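S.K.:
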Amino acid sequence: MGDDAGFRRVCLLTGGGDAPGLNAVIRAFVKTAEQLGIEVYGSEDGFEGLIQSGRLVRLKRKSVRGILPKGGSILGCSNRANPFAYPMGGEDGSAQPVDVSEAVMMRLARHGIEALVLAGGDGTMHHAQAFMGLGVPVIGVPKTIDNDLSATDYTFGFDTALSTATWAIDALHSTAESHDRVMIVELMGRYAGWIALCAGIAGGADVVLIPELPYDIERVIGHIRARSERGASFSIVVVGEGARPIAGPRATLEAEREGQLERLGGAGQALADALQGRIGHEVRVTVLGHLQRGGSPSAFDRLLGTRFGVAAAHCCKRGQSGLMLALRGEQIVEVPLDDAVLEPKLVPIDGELMSAARGVGIELGAAHGAAE
Ligand code: F6P
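Heads up: the sequence shown runs through residues -11 to 360, numbered per my numbering.
(1) In three-state DSSP terms, what is A149?
(2) Going by DSSP, what residues sit across from C(-1) in a beta bridge?
(3) Helix or strand or just coil, what does DSSP make of M176?
(4) So, helix, strand or coil for R53, using DSSP?
(5) Going straight from the alpha carbon of S41 to that of G34, what length do you get?
(6) Enumerate in chain order the residues of its own chain whose CB-to-CB distance from R46 is below 7 Å, with the five nearest sequence positions on each side excluded.
(7) Thinking just about the alpha-carbon of each residue, which of R169, D141, V226 and H167 is nearest to the one in I183?
(8) So, with DSSP's three-state summary, where would you put G58?
(9) Buried or exposed: L0, going by 16 or more other Cβ atoms within 10 Å of its Cβ?
(10) For L341 and V335, I'd like the C-alpha separation in whole angstroms.
(11) Counting only the same chain and skipping the five closest in sequence on each side, list residues whose C-beta sits under 7 Å from that of G145.
(12) What number of angstroms, rounded off, separates the C-alpha of T154 from the C-alpha of P285?
(13) Out of E250, S162 and R238, which has the shortest C-alpha to C-alpha gap to A220?
(14) Does any heavy atom of ligand 1 sit closer than 6 Å to the C-beta of T132?
(15) Can you tell me whether G77 sits near ligand 1, meaning its C-beta is under 6 Å from at least one heavy atom of the ligand?
(16) Look at the alpha carbon of E90 and the alpha carbon of P71, and state the distance between them as a whole number of angstroms.
(17) Going by the C-beta, is N67 closer than 6 Å to any heavy atom of ligand 1?
(18) Would you call the segment 176 to 196 and the segment 317 to 329 touching, i.e. three or more CB-CB distances under 8 Å?
(19) Tell whether a beta-carbon distance below 7 Å holds between A118 and L106.
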């Protein structure tokens, strides 16, 4: 900690997968920090820049010029660079996870870096906590398109992803109608159905299946048939990537291993396979994938990222640590890091959003409150 209680030199990194709005955070943090007399270093590709040498860059006002409308992160991101289980060795593919946090601590000391500012999701906030445990002051900034961090009303990135997903549902309507097809669109969000449910409502989907509520395929079939009987020639089905049938597994592309979450994917195709031949329509699947993470951030995400970045710089000036910034109502507040990593924020299955969906006739794949 600096003489005047504040930090004089800090390192900012963007951990995990990218999300629209990261550059707004970087820009706001660097500009405010410079005004407050704080030196900022950026770690390239998440923690990679603190693990490998030569990958810390000095960030100044001019480094962040013109980046506000850009997607991604000028620093780069990585969801493989876990300092507590970093894959080492094994050119033949036999890499083993190794704890390299000591090397990170040494690099911080060598560069005179007094605090870390970590913009990331759940995984990055867990790393933040672990570094706190090692004695490094840390400030967390909540980022993820999944919007699944419980301590904040919204993470930045979610709003842009939601707009992209809604645009996709809109676009699928006309082609679905032209061909009398059932169009399935698989959306991201991991184990949280925020993107799927909100985009499904905003885009006027007919069926929305989210991870929080395992679905009964017979209800989905019944709903599509009933629509056909009422003269609707097509249906739009939104499925969150983490959704699963009542009696079946979640669709995955890669199993979990140490330091690495399982990779979800295939929920849309699994649903298509179960529907094919049972509804009198052709079925097509669109996996929106990383389009949801790309592109220019929405005004909401730029604004939220900017507010978080400014607030983080002020926290550094005050020498605060062990906290994550959060949006609560209209306010940016500081919450203890411990609260930030408690439980993921999932869609309440008996909540108002679900009843809004039911209110406009969306089939949710299970009876009210039927989750296991
Ligand atoms: O957490 C953000 C997210 O985009 C999830 O919605 C998705 O499951 C995952 O990251 C994809 O990760 P990757 O970019 O490693 O494929």
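Don't be surprised by glycine CBs; every beta carbon is placed ideally from N, CA and C. This structure is a prediction, so every number in the text was calculated from the model and none was measured.
M.R.: So, from the listed chains and residues:
(1) As a working note, residue 149 is residue 161 in the sequence shown. Helix at A149.
(2) Counting from 1 along the sequence shown, the entry for residue -1 is found at position 11. C(-1) pairs with Y29 and L104.
(3) Taking the first residue of the sequence shown as position 1, residue 176 is located at position 188. In the structure shown, M176 sits in coil (DSSP, three-state: anything other than H, G, I, E or B).
(4) Within the sequence shown, the letter at position 65 stands for residue 53. Three-state result, R53: coil.
(5) Stepping through the sequence shown from its first residue, residue 41 is reached at position 53. Stepping through the sequence shown from its first residue, residue 34 is reached at position 46. Approximately 13 Å, taken between the alpha carbons.
(6) By 1-based counting over the sequence shown, the position of residue 46 is 58. Closer than 7 Å at Cβ, skipping near neighbours: Y29.
(7) Counting from 1 along the sequence shown, the entry for residue 183 is found at position 195. For I183, the nearest C-alpha among the options comes from V226.
(8) Here residue 58 corresponds to residue number 70 of the sequence shown, with the count starting at 1. First, the residue type needs correcting, since residue 58 is Lys and not Gly in the sequence shown. DSSP places K58 in coil when its eight states are reduced to three.
(9) Within the sequence shown, the letter at position 12 stands for residue 0. By the 10 Å Cβ count, L0 comes out buried.
(10) Sequence index remark: in the sequence shown, residue 341 carries index 353 (1-based). Sequence index remark: in the sequence shown, residue 335 carries index 347 (1-based). If you take the alpha carbons of L341 and V335, they lie about 8 Å apart.
(11) Reading the sequence shown from its first residue, position 157 is the one you call residue 145. Only A7, P8, G9, K131, T132, I133 and D289 meet the Cβ criterion.
(12) As a first step, residue 154 must be located in the sequence shown, where it is residue number 166. As a first step, residue 285 must be located in the sequence shown, where it is residue number 297. Their Cα atoms are separated by approximately 15 Å.
(13) Looking up residue 220 in the sequence shown gives position 232. It is S162.
(14) By one-based count along the sequence shown, residue 132 stands at place 144. Answer for T132: yes, Cβ within range of ligand 1.
(15) By 1-based counting over the sequence shown, the position of residue 77 is 89. No, the beta carbon of G77 sits no closer than 6 Å to any heavy atom of ligand 1.
(16) One-based indexing of the sequence shown puts residue 90 at position 102. One-based indexing of the sequence shown puts residue 71 at position 83. Taking the straight line joining both Cα atoms gives about 9 Å.
(17) For the purposes of this step, residue 67 is identified with residue 79 of the sequence shown, where counting begins at 1. Answer for N67: yes, Cβ within range of ligand 1.
(18) no
(19) Here residue 118 refers to the residue found at position 130 when the sequence shown is read from its first residue. Here residue 106 refers to the residue found at position 118 when the sequence shown is read from its first residue. No; because the gap between Cβ atoms is not below 7 Å, this pair is not in contact.
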